[in-house]
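Report on one structure; see the data block that follows.
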Amino acid sequence: MTQPHNSRPQDQDREPLAECVLCREPTEYPASTRGAVYCPVCEWQEAQRTACSG
Numbered sequence: 005m006t007q008p009h010n011s012r013p014q015d016q017d018r019e020p021l022a023e024c025v026l027c028r029e030p031t032e033y034p035a036s037t038r039g040a041v042y043c044p045v046c047e048w049q050e051a052q053r054t055a056c057s058g
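Position 25, counted from 1, in the sequence shown is what this note's numbering calls 29; the numbers after and before it change by one each time, with no gaps.
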């Protein structure tokens, strides 16, 4: 039997998520991602800070 196209892998098959370097909340990125990773909230705040620095 084939699986539907919108099926997701089981949680046990997924790689754990990386922690945000600022608040330690889970990010949208896998733990193997290199460099500084931010959660969506911190990523948005960081983008606002750097956009206005002239």
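Positions of the beta carbon are idealized from the N, C-alpha and C atoms, including for glycine.
Secondary-structure assignment with DSSP links residue 23 through a beta bridge to 30. No Cβ-Cβ contact shorter than 8 Å links residue 51 with residue 33.
With respect to residue 31, residue 41 sits close: the two C-beta atoms are nearer than 8 Å.
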